[in-house]
Structures are given as structure tokens and as C-alpha cells.
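Undergrad:
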Amino acid sequence: MKDETVKLFDETIIGNAKVVLADRIIERGWIACANGRISEFGEGTAPSGAIDADGDLVMPGLVELHTDHLEMHFVPRPKVHWDPVAAVVSYDGQLAVSGITTVLDSLRVWNEPEVEEAAGQAPLLAEAIATARDANILRADHFLHLRCEIPMPDVVDEAKKLIGRPGVRLMSLMDHTPGQRQFRDESKLRDYYRGKGSGKTDAELDVIFARRVELQKTYARSNTREIVSLAQAYNISLASHDDTTAANVADAVRDKVAVAEFPTTLEAAQGLHMAGIGILMGAPNVVRGGSHSGNIAAVDLAREGLLDILSSDYVPSSLLMGALQLPKRVPGISLAAAVRTVTKQPADAVGLTDRGEISTGKRADLIRVHMAGDLPAVRSVWREGHRVA
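In the numbering used here, the protein residues as written are 217 to 605.
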């Protein structure tokens, strides 16, 4: 079958598009790409030989900083472990058709016997990602995000095994101890465990929660210091997680985090913003109209000017949906500004300054999006100028 991409002197041209730049929209424009980079773009009629985008949106490929969706492909049902490389390829395909061209695969860097799924499998999954990348069978550009649960006894040792791998771009400091941060309401954590199919009684969960509280008292402080030191030694960006109180914000400032993932209160978000820390919220929160844990809504933060980055978290397609819904939910946010939350701003936050916007010399990671009413449909995806979906 003939490839839809038209190449002239190793050049791909896309025309008749609504082009989303970092700061404005070209209502009818075109983009030319050569040797994997954006070489030109402009308004009006495209040079000859262009792909006709038929008026669809053309924007930078989406950049995802936090998605643990790979675990759902690796463990599709409780106690069922899929071939890890096949799981990576399946997951990668879902990302690509969702418009994601750069992803930080979020790997759980700790063991928790009570939650079996993918606990303790970060080295296996990291190796599977590397195997698929070396075989050139991935559509998106993959990096690693090490999710470090700081109260866990083995988290530092596990992080040390992974941190030297090429592609580690982010480490997050997480603490899911019952009664604080995301799980201030303990009943939400009980619902989480039950949703994982554990079948545990309240009495059994009481034992687990008591153990988690004791682990935090014993290990959290020293583990935090060691994880922060590791990140600094390897020049890796740090993220805080579920900041709730002024004390949490002070810790994030002390640890020099670059990104605050999913702050749970307006108070925390305001403090983080004042400290110059980028605020990341879940796109499912935008699409659903609120947090599934009962915390602050992403749209409410957006109205206050406190939203910098969106993440698909557990639903890859939500990243594009959430961004394109923002201008309707928050009239003060333009389409260009909304798209920056899923392209330029996440890329910049982890030092990937070669992508995330349509600008001469940037990577030609592009997506064509057709709007079917309010629902976006990704029609084409290019990574470094080559069509991958």
C-alpha cells in the first residue's frame, strides 16, 4: 500500500491545516519537514506535493510525563503476567494512536506484597522497553520515570539499579501512607485496594495500613534524602507527588523539585506556583470533571492560573481530550495555551527542549487531529517526520 506521506527531497509537507503554534493558531497553514526536523511553516497555500489535512488540526506530538498504563498491559488481569516486550509494544501502539510521540514510562520502583500486579517489576519492564527500542519496533520516543515510594525499605536499592539506564528523565517522591496526601480520607485507599481485586477484609486492611504507617516513620526521611541525592548526582529532574499542606510544599522546595504531580488542595498549588514549581494534573480529572479521590479539580486550578502540565495518568486518550476541553471549560485559556500543557511545557520540564512546539529546527513530531463534534480523533502521527500511525 502506498504511504500517504509525500516526500520531496526527503521532505514531508502537510498543508490545508489548522496549525497550532506555541503562541497562536494559523487558521489555514502548512508545515514542511526535512531530515526529521521542521524546516518551514507558513500561512495560506502549501508548496506543491503537500498532504491535504482537510482543515484538521495539526499540532506537536503530545509529551507524556506520568503514565503507569504499561502495568495494565503487563498484568491485564490479576495474577496474569503478559510477555513484557509484547506488553510494551501493545502499550506503545495505544500511546501512538492517542497522539503521544514522547513518553516517560512510569515504573513502580518498590515492592509491596499486598499489591501484586507489577510491584518489583521495574527492572524487567525497563529491559523490555530497551529491547523493543533496540529492535526499532516502537512508535513513540520512550524515556523512564522512576516512581519512588519513599517509605518502602528497598526503594533506594531498587532505584540505584535503574538510575544508570539511559533515558531516565524523572524521579518522583511518592508517599501513599494512609491518612495523608491523596489518601487523607482512608476510605479512598480502602476502595483502591479493593479495586485491585485483593478481596481483603477491613481487618486485613487495618493490618496493612498500620504497617504502612510504621514504614513511613522508619524509612521515609532517610530514603527521601538518598533519592534526592541520587537524582542530583545523575542530573535527573525530581517530582513531588500529591502535595497537600504547606509542609509538603516546603519539602518540595527543599528538595528542588521541578514538577509537582497532582497537588490535592488549592493551598498547596498556590504555594508550589509561588515557588516556581510546575504543576501537573491528570487529564482524566479534566475529562471527568473532578478528582476520583475527592481532591481539588484540575479545572479549578486552571481557572486560578495554577495548571502547567497535563498527564494522561491511567487513560492515554485523555491527554488530547483534556487539553482540547480546557478552552471550553476555562474561557481564559486559549487553544494554543491548552496545547502547551501537553507539548512544550512537559517537554521543557524534563529538559527535552528539542520538541514540543512547531518551530523551525524542532523535531518533526506532529499529529493531525480531526474533531468529530467535541471528540478528537487522531488521524495521523509523525515522529521525526516519519509517519508512525
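Note that the Cβ used here is the ideal one computed from N, Cα and C, for glycine as well.
So who's on the other strand from ARG290, going by DSSP bridges?
TA: Along the sequence shown, one-based indexing puts residue 290 at 74. The residue asked about is misnamed: residue 290 is Phe in this sequence, not Arg. Looking at the DSSP assignment, PHE290 forms no beta bridge with any residue, so it has no partner.
Undergrad: Please report how far the alpha carbon of ALA338 lies from the alpha carbon of VAL555, in whole angstroms.
TA: Counting from 1 along the sequence shown, the entry for residue 338 is found at position 122. Counting from 1 along the sequence shown, the entry for residue 555 is found at position 339. Cα-Cα distance, rounded: 31 Å.
Undergrad: Go to PHE359, then tell me how far its beta strand (DSSP E) extends in each direction, as first and last residue.
TA: Numbered from its first residue, the sequence shown carries residue 359 at position 143. Start and end: 357-365.
Undergrad: Taking only three categories from DSSP, how would you classify HIS297?
TA: Residue numbering aside, residue 297 sits at position 81 when the sequence shown is read from its first letter. Coil at HIS297, not helix or strand.
Undergrad: Tell me the DSSP secondary structure of GLY601 in three-state form.
TA: As a first step, residue 601 must be located in the sequence shown, where it is residue number 385. Three-state result, GLY601: coil.
Undergrad: Check the Cβ-Cβ distances between LEU482 and every residue of chain C, and say whether any is below 8 Å.
TA: Among the chains of the structure shown, chain C does not appear; only one protein chain is present.
Undergrad: Can you name the start and end residues of the beta strand (DSSP E) that GLY245 belongs to?
TA: Start at 1 with the first residue of the sequence shown, and residue 245 comes out as number 29. Its beta strand (DSSP E) spans residues 241-250.
Undergrad: What residue from ALA552, LYS544, GLY383, MET387 has the CA that sits closest to VAL372's CA?
TA: Residue mapping note: residue 372 aligns to position 156 of the sequence shown, counting from 1. With distances taken between Cα atoms, VAL372 lies closest to MET387.
Undergrad: Helix, strand or coil for ARG381 per DSSP?
TA: Within the sequence shown, the letter at position 165 stands for residue 381. Residue state, collapsed to three classes: coil.
Undergrad: In chain order, what residues of the same chain have a beta carbon less than 6 Å from the beta carbon of ILE247, not counting five sequence neighbours either side?
TA: For the purposes of this step, residue 247 is taken as residue 31 along the sequence shown, with counting starting at 1. For ILE247, where only same-chain residues beyond five positions count, the Cβ hits under 6 Å are ILE230, PHE257.
Undergrad: On the criterion of 16 or more Cβ atoms from any shown chain inside 10 Å, does PRO292 qualify as buried, or is it exposed?
TA: Position 76 of the sequence shown holds residue 292. That one is exposed.
Undergrad: To which residues of the same chain is SER322 closer than 6 Å at the C-beta, ignoring the five residues directly before and after it?
TA: Counting from 1 along the sequence shown, the entry for residue 322 is found at position 106. So the list reads HIS282, THR283, ASP284, HIS361, ARG363, once near-sequence residues are dropped.
Undergrad: What number of angstroms, rounded off, separates the C-alpha of PRO500 from the C-alpha of ALA518?
TA: Counting from one through the sequence shown, the residue named residue 500 turns up at place 284. Counting from one through the sequence shown, the residue named residue 518 turns up at place 302. Rounded to whole angstroms, PRO500 to ALA518 spans 14 Å at the Cα level.
Undergrad: Between which residues of its own chain and ALA593 is the CB-CB distance below 8 Å, once the five residues before and five after are set aside?
TA: Numbered from its first residue, the sequence shown carries residue 593 at position 377. These residues qualify, in order along the chain: VAL585, HIS586, MET587.
Undergrad: By the 10 Å Cβ neighbour count, where 16 or more other Cβ atoms means buried, how is THR569 classified, buried or exposed?
TA: For the purposes of this step, residue 569 is identified with residue 353 of the sequence shown, where counting begins at 1. So THR569 counts as exposed.
Undergrad: Do LEU389 and HIS457 have their C-beta atoms closer together than 8 Å?
TA: By one-based count along the sequence shown, residue 389 stands at place 173. By one-based count along the sequence shown, residue 457 stands at place 241. Yes. Within cutoff.
Undergrad: Ignore the nearest five residues each way along the sequence and tell me which others in GLY260's own chain have a CB closer than 8 Å to its CB.
TA: Against the sequence shown, residue 260 aligns to sequence position 44. The residues are ARG244, GLY245, TRP246.
Undergrad: Figure out for me which residue from GLN486, ASP471, VAL423 has the closest Cα to the Cα of GLU442.
TA: As a working mapping, residue 442 is identified with position 226 in the sequence shown. Measuring from the Cα of GLU442, the nearest candidate turns out to be ASP471.
Undergrad: What are the complete beta strand (DSSP E) segments, minimum 3 residues, inside the region 563-596?
TA: Runs of the beta strand (DSSP E) inside the region 563-596: 582-588.
Undergrad: In three-state DSSP terms, what is ALA419?
TA: As a first step, residue 419 is located in the sequence shown; it is residue number 203 there, counting from the start. Helix at ALA419.
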